[in-house]
Amino acid sequence: MTSPTQHPHTPAPDEPIGYDPALVERTWREKWAQRASNQPDIAGCARPYYALMMFPYPSAEGLHVGNLFAFTGNDIFARFQRLIGHTVFEPIGFDAFGIHSENYALKVGAHPMELIPKNIANFTRQLTRAGLMVDWSRTVDTTHPSYYKWTQWVFLQLFKRGLAYRKKAAVNWCPSCKTVLSNEQVEGGHCERCTTLVEQRAMEQWFFRITDYAPRLLANLDTLDWSASTKAAQRNWIGRSDGAEIRFRILNPLEDAGSAAVHATSEVASGISEVTVFTTRPDTIFGATYLVLAPEHPLLDLITSADQQAAVDAYRTRSAHQDIVTRKTNKEKTGAFTGAYATNPATGGLIPVCTADYVLMEYGTGAIMAVPGHDERDFAFAAKFELPIERVVAGPDQTARTPLTEAFTDDAGAVLCNSERFDGFPVDEAKAAIAAWLEEKHAGKAVVNYRLHDWCISRQRYWGPPIPIIYCDDCGPVAVPEKDLPVVLPNIADFTPDDSGVSPLARHEEWYRVPCPSCGKKARRETDVSDTFLDSGWYFLRYPSVGHDDVPFDATITKKWLPVNSYIGGNEHAVLHLLYSRFLTMVMYDAGHVHFEEPFTTFRAHGLIIRDGAKMSKSKGNVVNPDEYIEEWGADTFRTYLMFLGPFEEGGDFRDAGISGVKRFLDRVWASVRDASATDEPDQAVMRKLHQTIKKVGDDVPVLAYNTAIAAMMEYVNVLRSGERKPRRAEVEPLVQLMAPFAPHIAEELWQMLGHDISVFDSGWPAFDAARLAGGTVKIAVQVNGKTRGMVVVAEGADESTVYAAALADAGIAKFVTGEPTKRVFVAGRLLSLVL
RNA sequence: GCCGGGGUGGCGAAACUGGUUAGACGCGAGGGACUUAAAAUCCCUUGGCCGAAAGGCCAUCUGGGUUCGACUCCCAGCCCCGGCACCA
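For the first sequence, my numbering begins at 2 and goes up steadily by one.
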């Protein structure tokens, strides 16, 4: 293989060979490819290790430094696992469906089916250049029919089990762009592109019943070895709250004629007799002074009185027009009175029923009992609409009559008041006591609620896998038979969303007109596509089985390789991607398709690489392209440098100051190996440092402390070469193995230079000899009255009196010891503390 | 507001479960060697203040506390980053 000349000069025959990263890296890329070095024996290996990293979205701009930081961190971990004897599978793929790709394609006027392969080719080039130990024979492209065939299969598994259902739900709608917008595309209530006011539109959409799995998704977290922050985010998102559902009787004015405030209307007489609310504060029921129903609450029309109907209608129209984001961020309270009243089951008093958009239909029962005295939102609403505010909880320095100028919510040491027989109960006790009391009266019961919502998977867009359902007038929604999968996404020229609000596929009759698979009558396909999170929710199951095209994942292989041993990715996916993956895995487990409930045994979130204080993004113009760095410094230097920047799990600001230090380190290692003496005996002090370094690197890499592992190797090289000494072969050989995960190309080259003909990655990990870690002596710090006054050098294992004697023998220390110590603290091998 | 993670030299950062005179490693800076010169390489110095030196004092966001001993633990507060947020 000839290479273009990249040297300014041709080295003289006797000049020592210098380190040429471009040459070394090209050589080893080629050798790895020829030898299929990165393709594990999936079926036959004895110690499989599945090192997964989150697959990227292949953007048109190519890989950026943030991606490479994450992938390198995973690669080091994976290569280390290989060195300690595992057969490691490190796959990668491309998450290429979705609104990102689609919008980009629309913007540049190209078709995603043309753009995506180009982007993937570019990513593949960059990832290969970075020296990742990726098995390129088993990649996944979510937009390829051979993959999304099985994404559709996954949908059908849920459909079959009753976990996929249709319901009307609101989407953001831009009346000017005439398209559905994701929440991220709405900025302050306006379309991010044309600034038109965004509205809500209700559409029939497919949902997955992830809420059925909420208790399991929450409970299993305790068994997972995951970054604490990720688990916390999941717990938060699932949002368990313990409370009670309480039934409030709605006053029927015909029956209860005579109640002064109520006007009889026929509507209220229509048989509706109660509204159920959810509360986490049943203890405050004596302070519930009104009820609020969400504007979408189904009972709202039935209880609204004739004279309030117009006001309620107007309010409901108004909130329907507001986009979802603004509605949830606008804290200014709005609402309308329904004209109806309810009976507070605790006090027996009549309280008004209102509607307001600060109550959300999708949480709890869509209705609340308002306790303005002890809830900030209710307080704000009551103050604005002049509703009564009662105190029913008093803090340690308050009484039942202390005025409320704001909601009092501090439960610490607080007790109930104005609550009849429950007066004086501490809040916690009162919650249970009142819940039990209401249950006795058949007015309520304790319940657990989750904040988690069902997963809406419908997208009224083009660039995704068609949802494999056929609608028949007689049979209803029918699953596409598995033998007919995939439902291929047609290559249509005009995939622009239009004012119909449905997917562009709905404009293609030739595509969606099909016979019903069940009865054969004329029917039509679902024209929505599915969410990208469905594509990425199961990809880890596919990787080891790539090539087995008759099944989504082969049973034997899956048994061998899954669950994933380690998963590394960004915390931006802490919630959705990881939660959906766990959910789908549980469903697969329940359906008997896999033998485990949790897909990722260990998960570590890497830090975020930012630039100038902001996350890298093209719009901010702060994206760093790794190509130029790799070009200039080589992949090994750049990889090592990225990891040397700081703790992997913390990330940080990218800057290139200091990259030369890492290159210098590799140069020094190169020279050390090249010049190592094969005949001279290794130096004992150097060997001690070597064994300390082996221990340090071996301890640090498994916990992703890459920065300190690199520092330890640098320190060793400083010792190795100090005083311009000539290293010995036994001193450098293990170093090559230590550095291999970080700088794989140069490590292979040096390993070969040392005369080995197998890959350094098949050479094992050097063992350290505990006996060689320490020398014969230790340095002990001596403190006098808490200040360190000096060090004494004593034999290892020296006892207190020996050290004490040595300390007094040291003039620098002894001058501070002006009397007999009243106390001596001795920590063997570390310090002696004298108190006078 | 709630939940995570952080605040240590000019800069990125080290410091094991409270214990070897805090700042390893690297960048930058200063000085030196080699060179006609430069680059590269190698060597030395580099937290601050006082001092000629010996040496001393101060120093890990701030203020308290526990301890023989605190970057590390406790209490109170300030600031930065990330996520969630009218979830009843």
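Glycine is no exception: its CB is placed at the ideal position from the N, C-alpha and C atoms.
query	result
Are the beta-carbon atoms belonging to proline 545 and proline 146 less than 9 Å from one another?	no
Excluding the 5 residues preceding and the 5 following proline 767 in the sequence, name in chain order all residues of the same chain whose CB lies nearer than 6 Å to its CB.	Ile695, Pro735 and Gln738
What is the DSSP secondary structure of leucine 609, reduced to helix, strand or coil?	strand
Helix, strand or coil for alanine 289 per DSSP?	coil
Going by beta carbon distance, what residues of the same chain come within less than 7 Å of alanine 507, once the five residues before and after it are set aside?	Ser501, Tyr513 and Thr528
In whole angstroms, give me the CA-to-CA distance for phenylalanine 645 and leucine 691.	20 Å
Tell me, to the nearest whole angstrom, how far the beta carbon of methionine 587 is from that of tyrosine 214; I am working on the premise that it is less than 8 Å.	6 Å
Enumerate in chain order the residues of its own chain whose CB-to-CB distance from threonine 266 is below 6 Å, with the five nearest sequence positions on each side excluded.	Model confidence at threonine 266 stands at a pLDDT of 43, short of 50, so the residue's coordinates are unreliable; what they give is reported in the following sentence. Once the five neighbours on either side are set aside, the close Cβ partners of threonine 266 are Ser306 and Ala307.
I'd like the span of the beta strand (DSSP E) that includes tryptophan 151, first residue to last.	No beta strand (DSSP E) contains tryptophan 151, which is instead part of the alpha helix (DSSP H) from 146-161.
Could you pull the start and end residues of the alpha helix (DSSP H) that glycine 502 belongs to?	No alpha helix (DSSP H) holds glycine 502; DSSP gives it neither H nor E.
Does the stretch 66-80 touch the stretch 704-712, meaning 3 or more C-beta pairs lie closer than 8 Å?	yes
Run the CB neighbour count on isoleucine 759, radius 10 Å, all protein chains shown included, and call it buried at 16 or more, exposed below.	exposed
Taking contact to mean 3 or more Cβ pairs, one atom from each stretch, closer than 8 Å, check whether the stretch 240-252 and the stretch 271-290 are in contact.	yes
What residues match up with aspartate 654 in a beta bridge as DSSP calls it?	Ile611
Does the beta-carbon of cysteine 473 have 16 or more other beta-carbons within 10 angstroms, so that it is buried, or is it exposed?	buried
Where DSSP assigns a beta bridge to alanine 568, which residues make up the other side?	Reading off the sequence, residue 568 comes out as tyrosine, not alanine. Leu53 and Phe604, per the DSSP bridge assignment.
Once DSSP output is grouped into helix, strand and coil, what is the label at methionine 362?	coil
Pull up the DSSP beta-bridge partners for glutamate 200, would you.	Trp174
When you compare only the Cα positions, how much space is there between glycine 336 and aspartate 358?	7 Å
Within 10 angstroms of the Cβ of valine 449, are there 16 or more other Cβ atoms? Answer buried if so, exposed if not.	exposed
Give the DSSP bridge partners of tryptophan 227, in chain order.	Phe604
What number of angstroms, rounded off, separates the C-alpha of isoleucine 458 from the C-alpha of aspartate 42?	36 Å
Got a sec, what are the start and stop residues for the alpha helix (DSSP H) tyrosine 630 sits in?	627-634
Considering only residues of the stretch 728-791, which uninterrupted beta strand (DSSP E) runs meet the minimum length of 3 residues and lie entirely inside it, listed in chain order?	778-785
Are the beta-carbon atoms of tyrosine 805 and leucine 833 separated by less than 9 Å?	yes
Name the two residues that bound the continuous alpha helix (DSSP H) containing proline 516.	Proline 516 -> not in any alpha helix (DSSP H); beta strand (DSSP E) instead, spanning 514-516.
Quick one: is glycine 653 buried, meaning 16 or more other Cβ sit within 10 Å of its Cβ, or exposed?	exposed
Would you identify the three-state DSSP class for glutamate 333, choosing helix, strand or coil?	coil
In chain order, what residues of the same chain have a beta carbon less than 7 Å from the beta carbon of leucine 405, not counting five sequence neighbours either side?	Gly374, Ile390 and Arg392
Using the beta-carbon count (16 or more within 10 Å), is lysine 780 buried or exposed?	exposed
Quickly, what does DSSP pair alanine 556 with across the bridge? List them, please.	Beta-bridge pairing links alanine 556 to no other residue.
Between the beta-carbon of tryptophan 416 and the beta-carbon of alanine 395, is there less than 9 Å?	Note that residue 416 corresponds to valine in the displayed sequence, not to tryptophan. Yes, the Cβ-Cβ distance between valine 416 and alanine 395 is below 9 Å.
Given a threshold of 16 other Cβ atoms within 10 Å of its Cβ, counted over all protein chains shown, does histidine 443 qualify as buried or as exposed?	exposed
At the level of alpha carbons, what is the spacing between isoleucine 471 and histidine 87?	47 Å
Using only the alpha-carbon positions, how far apart do leucine 225 and glycine 659 sit?	38 Å
CB-CB under 8 Å to proline 346, same chain, minus the five flanking residues each way: which ones, in chain order?	Ile247, Arg248, Phe249, Arg250, Ile286, Leu439, Lys442, Ala444 and Gly445
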